[in-house]
Amino acid sequence: MSAPFDYGGLTGYEPISDADRKEFLEQGFLQVRNVLTEEHRAALVAAVDRVYEEEKVAGNVKEKTGVLHLLGFLNRDELFGQLLTHPTVFPYMWGLAGWNIYTHHNHLDVTPPTPEEEPPSWGWHQDGYRQNSDPETMDPNLPRPMFSLKVAYVLSDLSETGRGATKVIPGSHLWNSLPRPADTTVHNPDPEGTVEITANPGDCFIFDRRLWHSRSPNYSDVTRKMLFVGYTYRWIRHLDDMPIDYNGEWWQNRTPVQRQICGEATSSANYWGINWNGYVDDEIPLRKELKTRGLLDRSVPWLR
Numbered sequence: 001m002s003a004p005f006d007y008g009g010l011t012g013y014e015p016i017s018d019a020d021r022k023e024f025l026e027q028g029f030l031q032v033r034n035v036l037t038e039e040h041r042a043a044l045v046a047a048v049d050r051v052y053e054e055e056k057v058a059g060n061v062k063e064k065t066g067v068l069h070l071l072g073f074l075n076r077d078e079l080f081g082q083l084l085t086h087p088t089v090f091p092y093m094w095g096l097a098g099w100n101i102y103t104h105h106n107h108l109d110v111t112p113p114t115p116e117e118e119p120p121s122w123g124w125h126q127d128g129y130r131q132n133s134d135p136e137t138m139d140p141n142l143p144r145p146m147f148s149l150k151v152a153y154v155l156s157d158l159s160e161t162g163r164g165a166t167k168v169i170p171g172s173h174l175w176n177s178l179p180r181p182a183d184t185t186v187h188n189p190d191p192e193g194t195v196e197i198t199a200n201p202g203d204c205f206i207f208d209r210r211l212w213h214s215r216s217p218n219y220s221d222v223t224r225k226m227l228f229v230g231y232t233y234r235w236i237r238h239l240d241d242m243p244i245d246y247n248g249e250w251w252q253n254r255t256p257v258q259r260q261i262c263g264e265a266t267s268s269a270n271y272w273g274i275n276w277n278g279y280v281d282d283e284i285p286l287r288k289e290l291k292t293r294g295l296l297d298r299s300v301p302w303l304r
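FYI, full-length UniProt numbering numbers position 153 of the sequence shown as 153, with every residue one higher than the one before it.
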């Protein structure tokens, strides 16, 4: 099922520019403006509000703060499922990570204004948990592999600082460590080079999982609403539990490429991009789509 919103004929298979790829590889993130029409953004907000109320009834919203951090949210609404291949953003996913990808981690975040000053904390981190140590070499100057990236859809007005936006350190995706203050029981200044990502409703930002980043407190009168969709390689296990009703309408509405990105495969070898004979499987939906459109590129390793 195609999204009922007008994106001027975009298909999701328009290649990204060399300049965008260069900026992402150098900075570790990329901000993209106006990826959602106002009509689409408003519909997503309505879906988020519905899910928020459902989770509140279920007791999953933090009672004191009203914060919701919901993992594996994509199958909670048809509009969320369509984001898997959203036409203004999907080119960055396959353009930066290739065709052998799926979503392993996604979360819906609602952060109301905090009622009081937050206690001291140090929230700077890289995503990936054991991906930050298991493949690491003994050479601290050799960056770890990217492995995954996320797109963060901004649904509320984060055009000013202090509204709970994500803080990042541009270029820090190439650092394997970040100095930690000796005393985290007191307020410490942000690391040098920190940028708080301000954005308008309908914008997004895309970031390498290795980028050092941190949440920030929301001391404004605006409730922060965000949707994060992570993409990784199909030979990596999923992080979130997202049970799918394969007989239900949500799954029936998914395209072959979207089903791949939800984790579907014809065999275990298929997750590795091959058939059992060891050759590339050209029937993998996203690879097949890119090949049909002449978008495979041997000069880009992940698009071979």
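Ideal Cβ positions, reconstructed from N, Cα and C, are used throughout, including at glycine.
Residue interval of the alpha helix (DSSP H) (run including residue i)
i           : result
residue 292 : 285 to 292
residue 48  : 38 to 57
residue 64  : No alpha helix (DSSP H) contains residue 64, which DSSP labels as neither H nor E.
residue 205 : Careful: residue 205 lies outside any alpha helix (DSSP H), inside the beta strand (DSSP E) at 204 to 208.
residue 260 : 256 to 261
residue 96  : 90 to 97
residue 21  : 18 to 27
residue 252 : 249 to 252
Straight-line gap, residue i to residue j (C-alpha atoms, nearest Å)
i           : j           : result
residue 74  : residue 180 : 35 Å
residue 2   : residue 45  : Bear in mind that the predicted position of residue 2 carries a pLDDT of just 49, short of 50, making it too unreliable to give a figure here.
residue 140 : residue 105 : 27 Å
residue 183 : residue 23  : 35 Å
residue 232 : residue 92  : 13 Å
residue 27  : residue 166 : 15 Å
residue 5   : residue 37  : 8 Å
From the options, residue whose alpha carbon lies closest to that of residue i
i           : options           : result
residue 200 : 83, 58, 33        : 33
residue 296 : 99, 44, 223, 162  : 99
residue 211 : 124, 156, 11      : 124
residue 258 : 282, 87, 148      : 87
residue 164 : 43, 36, 147, 220  : 220
residue 225 : 96, 110, 137, 159 : 110
residue 51  : 266, 42, 76       : 76
residue 198 : 161, 215, 35, 95  : 161
residue 230 : 186, 89, 192, 215 : 89
Delimiting residues of the beta strand (DSSP E) encompassing residue i
i           : result
residue 197 : It is not in any beta strand (DSSP E) - residue 197 carries neither H nor E in the DSSP assignment.
residue 108 : 101 to 111
residue 227 : 224 to 233
residue 149 : 148 to 154
Any non-hydrogen atom of the ligand NAP within 7 Å of residue i CB
i           : result
residue 181 : As presented, the structure is devoid of all ligands, the ligand NAP included, so that no description of it is given.
Is it the case that the segment 173 to 189 contacts the segment 241 to 248, given that we only count it when at least three CB pairs across the two stretches are under 8 Å?
no
Could you check whether the segment 62 to 74 touches the segment 7 to 23, counting it as contact only if at least three pairs of C-beta atoms, one from each stretch, sit closer than 8 Å?
no
Does the contact criterion of 3 or more C-beta pairs under 8 Å hold for the segment 254 to 269 versus the segment 278 to 298?
yes
Would you say the segment 262 to 280 touches the segment 137 to 156, given that touching needs at least three Cβ pairs under 8 Å?
no
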